[in-house]
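Report on the structure given below.
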Amino acid sequence: MSNEPLGGLATAPQAAIGRPIADVVAASLKSRYASERRFRLYGLAAISFAVLCLAVILFTIIRTAIPAFTQTMINLDVTLYPQEIDPEGTRDPETLSRADYQRLLRDAMDDLFPEVTSRAERRALFAMLSPGATYFVRQLVIDDPSLIGQRVRVQVPLSDDFDQLAKGRIRADTAEAERRVSDKQIEWFERLRSRGMIETAFNRTLFSAGDSRSPELAGVWGSVVGSFWTMLITMVLAFPLAVGAAIYLEEFAPKNRFTEIIEVNINNLAAVPSIVFGLLGLAVFISFFGLPRSTPLVGGLVLALMTLPTIIIASRAAIKAVPPSIREAALGVGASKVQSVFHFVTPLAMPGMLTGSIIGAAQALGETAPLLMVGMVAFIVDIPGGPLDPATVMPVQIYIWSDAPERAFIERSSAAICILLGFLVCMNLIAVVLRRQFERKW
Amino acid sequence: MSAIDAETVRATAMPKSDAATVNRSNVPAFVAEGVNVYYGSKQALKDVAIDINRNQVTALIGPSGCGKSTFLRCLNRMNDIIDICRVTGNILLDGQDIYDKQLDVVQLRARVGMVFQKPNPFPKSIYENVAYGPRIHGLARSKAELDEVVQTSLERAGLWKEVSDRLNQPGTGLSGGQQQRLCIARAIAVQPEVILMDEPCSALDPIATAKIEELIDELRQNFTIVIVTHSMQQAARVSQRTGFFHLGVLVETGDTEQIFTNPHDKRTQDYITGRFG
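Going down the list, the sequences are from chains U and P. Counting from 1, one number per residue, gives the positions in the first sequence under the numbering used here. Counting from 1, one number per residue, gives the positions in the second sequence under the numbering used here.
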């Protein structure tokens, strides 16, 4: 940089250090811009890294999950012998549902491989079918009793090991002792495949069934419904209570030592480990009040306690953000305190309150630990019909599946994670839409 | 809270005059005596005494932080919403102490309307902005009556012609000057006796300011107006009486002409001649 005064400015102002101010500023510019560039670079690097990590996680989960959305099925020709199903010909639904369909399936499998005669081999052959295959046949007969006596083609799921074999997860080239299917069974499987009887179908069970010990019969619907009831209880309790508490504390409560202590404690509650809320729920709701364990009612109560501080804090922040001018305007025309709060402050704070609530709900939806304490970790096959039925929730279902020994549960865990993530994304979208809806131009 | 404190600390409460015996046209709307205001331990107003005449515009002038807005906000007890604020002394509206426990603050604010420094229309439609006050006070018995109140108020605020075809659009969509006139219409709609204006033109351009000033002059026929302003020219233009505040003290009150041409106090003279402030 030149120390000479600038062309037109004969008497350029001098800085204390004796050089023209313009030069001093110019000299410092380089390092100032460099630091700005550095900071931008750090930010960009951090965000890229975060996006990359997220992409890797999502990619891994989705890749693992994809096979779970299909299920290997076998098309079997089953003869529905009337003497087996309904020997008296009453067509009574009770009789139809009690009949021994397993026998029919056994016969159908034996027909395919007449050379298999030994008891042990026949058992191994039948083990290729899912234990739930009988339900498929039973449902078919109950839906249409006129089929009895005919030879019908039914599509039933293969058991999880053969599903995994078809998907290449169990490899034929590993030693026989180290895999769950025998050489003989692989041979049968290949023969069935070459006859075109093996088919890959969309795994509807995954979306319609409750939990099961057999992966091919297990679905997330039971836990989705359980999550729904739990969330309903949680939000119905937490939202009005939390918003009411926030409005009272922010607008009506006197500011003194006591309310200060309450405020500190609400903030602390938000940081209490969730399992502590579970223990509290176990001690208070189940032991003391005797509410039924494993139910969405108790789970919802516990999660409501856990969500309360989150919503209160968000709602108070939203109320604080309402400009004081609007309160003054309302009071200025003679509105009472309650009128100014409920006609103006609350509607204006509503977007923030809703956002906080949905964040709280999303947090509750993904919560596992406290629900383990109130027994929602039980193995529940039935779809819960209400908040008083035993149920489990999605994250707990994922936890149960990820703990299961069957290989096919690995992909189902990932699939359940994808579905849970889908719900969370939907909830966040709802939050965005609601915020847009309620947001008023200020 | 502060109102109760004010009640207990007040040494000599004025005996309440019988409203029926007061001849309203000759008696000042507000009579303030010995008003002290404290924010915590800091005293913001010291022993203020002033009469506010009916159907006149009273301007309160003074440098920033002199307490003129604080005093204005005492007149409709807007200071109540500040927790640490404490008011002592007497402020009588029609002879009735407004800090009396028996006087309802909501009722007071219906009688003493307010227009704020920054236009603050409600985030509602233009119609709703004006209709809100009459509605909560139950001043209109039917929709038609309410419509009439809204129209009259907007007309008196000089806004009707500009907004009559878009009453359902948000009040926040108007220009700054229109918003401030909407706020005036909102205050008028409740039919108060007094309208307090806290620097109503400080956020407006000169043309909008001129319109508001014109409006203030018209409103004087029906309302008692107290206006706080930074602009001495504005005080001179719109007011009949002027009070000069300095450092929490009401230095001088008098007819506007006298204050601006022949101030009695040295501080007033220094201020209006631009030596400080």
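Yeah, the Cβ is synthetic: ideal placement off N, Cα and C, and Gly gets one too.
Beta-bridge pairing of residue i - partner residues as DSSP gives them
{"i": "Val-249 (chain P)", "result": "P:His-246"}
{"i": "Val-78 (chain U)", "result": "U:Val-152"}
{"i": "Arg-59 (chain P)", "result": "It is Ala, not Arg, that sits at residue 59 (chain P) in the sequence shown. Looking at the DSSP assignment, Ala-59 (chain P) forms a beta bridge with P:Ile-227, P:Thr-242."}
{"i": "Ile-198 (chain U)", "result": "U:Ile-74"}
{"i": "Thr-170 (chain P)", "result": "As written in the sequence, residue 170 (chain P) is Pro, which differs from the Thr given in the question. Looking at the DSSP assignment, Pro-170 (chain P) forms a beta bridge with P:Ser-125."}
{"i": "Asp-97 (chain P)", "result": "P:Leu-92"}
{"i": "Leu-129 (chain U)", "result": "U:Leu-158"}
Contacting residues, own chain, Cβ-Cβ under 8 Å from residue i (five flanking each side not counted)
{"i": "Leu-424 (chain U)", "result": "Ala-362, Leu-365, Gly-366"}
{"i": "Leu-269 (chain U)", "result": "Leu-308, Pro-309"}
{"i": "Pro-192 (chain P)", "result": "Ala-110, Arg-111, Val-112, Gly-113, Phe-223"}
{"i": "Ser-159 (chain U)", "result": "Ala-127, Met-128, Leu-129, Ser-130, Pro-131, Ser-214, Glu-216"}
{"i": "Glu-257 (chain P)", "result": "none"}
{"i": "Val-181 (chain U)", "result": "Asp-161, Phe-162, Leu-165, Ile-170, Phe-189"}
{"i": "Ile-207 (chain P)", "result": "Gly-177"}
{"i": "Met-1 (chain P)", "result": "Bear in mind that the predicted position of Met-1 (chain P) carries a pLDDT of just 40, short of 50, making it too unreliable to give a figure here."}
{"i": "Pro-67 (chain U)", "result": "Lys-167, Arg-169, Glu-411"}
For residue i, the first and last residue of its enclosing beta strand (DSSP E)
{"i": "Arg-151 (chain U)", "result": "151 to 157"}
{"i": "Glu-33 (chain P)", "result": "30 to 39"}
{"i": "Cys-85 (chain P)", "result": "85 to 93"}
{"i": "Asp-217 (chain P)", "result": "Run containing Asp-217 (chain P): none in the beta strand (DSSP E); it sits in the alpha helix (DSSP H), 206 to 219."}
{"i": "Asn-203 (chain U)", "result": "It is not in any beta strand (DSSP E) - Asn-203 (chain U) carries neither H nor E in the DSSP assignment."}
{"i": "Met-197 (chain P)", "result": "194 to 198"}
{"i": "Asp-107 (chain U)", "result": "It is not in any beta strand (DSSP E) - Asp-107 (chain U) instead sits in the alpha helix (DSSP H) that spans 101 to 112."}
is_contact[residue i, chain A] using C-beta, thresh 8 Å
{"i": "Gly-171 (chain P)", "result": "Reference to chain A is not applicable here, since the protein chains of this structure are U and P."}
Spatial neighbours of residue i in its chain, beta-carbon cut-off 7 Å, leaving aside the 5 residues before and after
{"i": "Val-154 (chain U)", "result": "Leu-76, Val-78, Phe-136, Val-137, Leu-140"}
{"i": "Pro-15 (chain P)", "result": "Residue confidence for Pro-15 (chain P) is low, a pLDDT of 42 falling below 50, so the modelled location carries little weight; the figure read from the coordinates is stated next. Hits under 7 Å: none found."}
{"i": "Phe-277 (chain U)", "result": "Val-302, Leu-305, Met-306, Pro-370"}
{"i": "Thr-209 (chain P)", "result": "Cys-201"}
{"i": "Ile-85 (chain U)", "result": "Leu-96, Ala-99, Val-141, Ile-148"}
{"i": "Ala-179 (chain U)", "result": "This sequence places Arg at residue 179 (chain U); Ala is not what is there. Here the set comprises Ile-170."}
{"i": "Trp-401 (chain U)", "result": "Phe-409, Arg-412, Ser-413, Ala-416"}
{"i": "Asn-129 (chain P)", "result": "Pro-121, Phe-122, Gly-171, Leu-182, Arg-186"}
Start-to-end residues for the alpha helix (DSSP H) that takes in residue i
{"i": "Gln-269 (chain P)", "result": "266 to 272"}
{"i": "Asp-143 (chain U)", "result": "133 to 143"}
{"i": "Gln-179 (chain P)", "result": "176 to 189"}
{"i": "Asp-163 (chain U)", "result": "160 to 166"}
{"i": "Gln-258 (chain P)", "result": "256 to 261"}
{"i": "Val-48 (chain P)", "result": "First-last for Val-48 (chain P): 42 to 52, but that is the beta strand (DSSP E), not the alpha helix (DSSP H)."}
{"i": "Lys-161 (chain P)", "result": "160 to 163"}
{"i": "Ile-247 (chain U)", "result": "221 to 247"}
{"i": "Phe-252 (chain U)", "result": "Run containing Phe-252 (chain U): none; DSSP gives neither H nor E here."}
{"i": "Ala-110 (chain P)", "result": "105 to 111"}
{"i": "Leu-96 (chain U)", "result": "93 to 98"}
{"i": "Thr-446 (chain U)", "result": "Here chain U comprises residues numbered 1 to 442, so residue 446 (chain U) is not present and cannot be evaluated."}
Cβ-based neighbour list, residue i, same chain, cut-off 6 Å, excluding 5 preceding and 5 following
{"i": "Arg-267 (chain P)", "result": "His-246, Val-251"}
{"i": "Met-427 (chain U)", "result": "Ile-358, Ala-362"}
{"i": "Gln-179 (chain P)", "result": "Pro-119, Pro-121"}
{"i": "Gly-352 (chain U)", "result": "Ala-318"}
{"i": "Pro-82 (chain U)", "result": "Ile-148, Gly-149"}
{"i": "Gly-243 (chain P)", "result": "Ile-50, Leu-60, Leu-250, Thr-253"}
{"i": "Ala-140 (chain P)", "result": "Pro-134, Leu-146, Val-149"}
{"i": "Leu-215 (chain P)", "result": "Gly-158"}
{"i": "Ala-235 (chain P)", "result": "Ala-59, Ile-61, Thr-229, Thr-242"}
{"i": "Ile-195 (chain P)", "result": "Gly-113, Ala-187, Phe-223, Ile-225"}
{"i": "Val-377 (chain U)", "result": "Val-396"}
Complete runs of the alpha helix (DSSP H) confined to the stretch 113 to 150 of chain P [at least 4 residues]: 126 to 137
Minimum length 4: unbroken alpha helix (DSSP H) runs contained in the stretch 329 to 365 of chain U: Taken in chain order, the whole alpha helix (DSSP H) runs of length 4 or more contained in the stretch 329 to 365 of chain U are 337 to 340, 346 to 365.
Do three or more CB pairs link the stretch 319 to 327 of chain U to the stretch 55 to 71 of chain P at distances below 8 Å? no
Just checking, does the stretch 214 to 226 of chain P make contact with the stretch 45 to 60 of chain P on the three C-beta pairs under 8 Å criterion? yes
Tell me whether the stretch 373 to 385 of chain U and the stretch 349 to 359 of chain U touch, counting them as touching only if at least three CB pairs, one residue from each stretch, are closer than 8 Å. no
Between the stretch 102 to 111 of chain U and the stretch 122 to 131 of chain U, do at least 3 Cβ pairs fall closer than 8 Å? As far as the Cβ criterion goes, the stretch 102 to 111 of chain U touches the stretch 122 to 131 of chain U, which means the pair count is three or higher.
Does the stretch 283 to 295 of chain U touch the stretch 36 to 45 of chain P, meaning 3 or more C-beta pairs lie closer than 8 Å? Judged by pairs of C-beta atoms under 8 Å, the stretch 36 to 45 of chain P does not touch the stretch 283 to 295 of chain U, as fewer than three such pairs exist.
If we require 4 or more residues per run, which alpha helix (DSSP H) segments fall completely within the stretch 25 to 90 of chain U? 82 to 85
Residue ranges of each alpha helix (DSSP H) within the stretch 259 to 326 of chain U, 4 or longer: Segments of the alpha helix (DSSP H) lying fully in the stretch 259 to 326 of chain U: 274 to 281, 296 to 320.
Any chance the stretch 80 to 94 of chain P sits against the stretch 256 to 268 of chain P, with 3 or more Cβ pairs inside 8 Å? no
Can at least three beta-carbon pairs, one atom from the stretch 382 to 398 of chain U and one from the stretch 415 to 422 of chain U, be found at a separation below 8 Å? yes
Complete runs of the alpha helix (DSSP H) confined to the stretch 355 to 439 of chain U [at least 4 residues]: Every alpha helix (DSSP H) stretch that sits fully inside the stretch 355 to 439 of chain U and reaches 4 residues is listed by chain position as 369 to 373, 394 to 402, 408 to 438.
Hey, is the stretch 26 to 36 of chain P in contact with the stretch 89 to 104 of chain P, meaning 3+ C-beta pairs nearer than 8 Å? yes
At least 3 beta-carbon pairs within less than 8 Å: the stretch 217 to 228 of chain U vs the stretch 277 to 292 of chain U: no
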